[in-house]
């Protein structure tokens, strides 16, 4: 039994084309997420056991690991503030 050839060219011509939205730059996306100021992306090498603890705590709190790490950074900086 041979397969029938189906001409789909007419179907595609009738399909309206979707417009592609202009993609935002990385800086625009980061600025939209962190409205207060511009962010800088960085990498940290941390021991696996600490990563696991951070992951578990972020799940318990229902927040992302990134947000939890930012909380830790802010709390640490505020506790070391002089004056």
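Numbering (our numbering), first residue to last: 882 to 964.
Note that the Cβ used here is the ideal one computed from N, Cα and C, for glycine as well.
Original post:
The alpha helix (DSSP H) with residue 922 in it runs from where to where?
Top reply: Counting along the chain, residue 922 falls outside any alpha helix (DSSP H), and DSSP gives it neither H nor E.
**OP:** Report the rounded CA-to-CA distance for residue 953 versus residue 946, giving the unit in angstroms.
**Re:** 10 Å
**OP:** With DSSP as the reference, label residue 933 as helix, strand or coil.
**Re:** helix
**OP:** Along the alpha helix (DSSP H) that carries residue 943, what are the first and last residues, could you check?
**Re:** Premise fails: residue 943 is in no alpha helix (DSSP H) and is neither H nor E.
Subject >> Assigned secondary structure, residue 948 (DSSP; H/G/I helix, E/B strand, else coil) >> reply: helix
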